[in-house]
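Position one of the sequence shown corresponds to residue 1 (UniProt numbering), numbered consecutively onward.
From the three backbone atoms N, C-alpha and C, an ideal C-beta is built for every residue, glycine too.
Being a predicted model, the structure only gives us computed values, none of them experimental.
First the structure, in the form of structure tokens, and then the observations on it.
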Amino acid sequence: MTSISITEDRYLMLTCSKKIESHYHIYTDDQIPQMFSSHFLQLQDEFPLTELYSLLVRVPDILKRNYIHVKSSFNRDLPFTMKKSLFDLGYILDEELFYSIRLADWKGVSPVRAEWGTKKSLIDGCRIMQAYDSLSINEAFAKEKLLRKYPFYEEGIIQLCVCYSGEGEPIGCAELYLDQDESVAKIEEVAILEPYQRKGYGSGLIKQMLAAAKQSGMESCYLVTSGSDQVKTFYEKLGFQQEEKLTTIFKYLFE
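Okay, here's the thing in structure tokens:
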């Protein structure tokens with residue numbers, strides 16, 4: 001396993017339980033059953049791809065959910081012909097791109113004010129996170145999602161970093177998780193309120209977090225993004241480079 005895959009597993013295990021089967025791992029979080037990102041099968045490198053189709057039909061029973069959610073292994077992607085076949089069968093295929101940056105090579109300065117680790121920043125960050133999520137998921141679920149992560153924010157296991165406008169209003173937040181054993185940091189849940197997007201606050205917040213990770217002794221920092229050209233360009237301008245890639249297979253089952 002690479003340092004990124006080890007850190008990713010540790011981050012997931014903060015909220016998920018994991019069952020290890022011979023060729024795949026099962027991640028679930030019974031405390032928040034409707035959050036599909038916390039319920040999936042992760043294929044291992046040795047998984048025989050000839051058995052993928054038969055596995056997919058069993059996934060709803062394995063996860064006890066009304067959907068199929070499977071991720072490829074870190075070191076072995078699915079062949080193009082198999083991806084096309086899955087698409088033709090109605091599966092939604094996407095990519096999780098793991099972008100990383102060596103902190104020894106990074107020297108950045110951010111004009112954006114950011115804070116974390118205080119009672120005020122925790123309150124501000126939670127308010128922004130819930131407001132941001134409420135726009136894409138319903139308000140009740142946004143609150144439930146926040147409550148699931150709140151103990152980790154409160155204890156500092158995950159730092160909830162907040163950025164502020166020039167007037168001192170909280171307008172964005174993101175998670176910073178430090179894996180001391182691997183010396184790898186992870187940035188997650190970057191959320192900037194819509195009126196302040198495309199104005200440098202997102203990049204400014206990330207720069208502040210990179211500086212914090214470097215100061216904490218981390219050797220590298222990574223984040224997970226989609227295959228959008230615009231998003232990839234954004235992170236590449238900050239100095240990130242793609243290190244890993246996973247293919248995700250998803251399908252809702254309608255009764």
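### Query
Which runs of the beta strand (DSSP E), 3 residues or longer, sit entirely within the UniProt domain "N-acetyltransferase" (121-255)?
158-164, 170-179, 184-192, 220-225 and 241-252
### Among 99, 165 and 43, the one whose alpha carbon lies nearest that of residue 247
In the sequence shown, the residue the question calls residue 247 occupies position 247. Per the Cα distances, 43.
### Query
Apart from the five residues on each side of it in sequence, which residues of its chain come closer than 7 Å, Cβ to Cβ, to residue 32?
Mapped onto the sequence shown, residue 32 falls at position 32. Taken in chain order, the residues that qualify are 38, 144, 145 and 148.
### Query
Are the beta-carbon atoms belonging to residue 128 and residue 14 less than 8 Å from one another?
Position 128 of the sequence shown, counted from the start, is the residue given in the question as residue 128. Position 14 of the sequence shown, counted from the start, is the residue given in the question as residue 14. Their beta carbons are not under 8 Å apart, which means residue 128 does not touch residue 14 by this criterion.
### Message
According to DSSP, is residue 100 part of a helix, a strand, or is it coil?
### Response
Indexing the sequence shown from 1 puts residue 100 at position 100. If DSSP states are grouped into helix, strand and coil, residue 100 belongs with the strands.
### Query
Exposed or buried, residue 140, counting other C-beta atoms within 10 Å across all chains shown (16 or more means buried)?
On the sequence shown, residue 140 is found 140 positions in, with the first residue counted as 1. Residue 140 is exposed by the Cβ-count criterion.
### Message
Can you check which of these residues, 75, 65 and 63, is closest to residue 243 by C-alpha distance?
### Response
By 1-based counting over the sequence shown, the position of residue 243 is 243. Checking every option, the nearest Cα to that of residue 243 belongs to 75.
### Query
Smallest Cα separation from residue 188: which of 228, 240, 222 and 60?
As a first step, residue 188 is located in the sequence shown; it is residue number 188 there, counting from the start. Of the listed residues, the one whose Cα sits closest to residue 188 is 222.
### Query
When the Cα atoms are used, what is the spatial distance from residue 113 to residue 219?
Position 113 of the sequence shown, counted from the start, is the residue given in the question as residue 113. Position 219 of the sequence shown, counted from the start, is the residue given in the question as residue 219. Cα-Cα distance, rounded: 24 Å.
### Task
Express the C-alpha separation of residue 180 and residue 211 in angstroms, rounding to a whole number.
Counting from one through the sequence shown, the residue named residue 211 turns up at place 211. Counting from one through the sequence shown, the residue named residue 180 turns up at place 180. Their Cα atoms are separated by approximately 16 Å.
### Query
If you follow the alpha helix (DSSP H) that residue 6 is part of, which residue opens it and which one closes it?
Here residue 6 refers to the residue found at position 6 of the sequence shown. Unbroken alpha helix (DSSP H) run through residue 6: 3-12.
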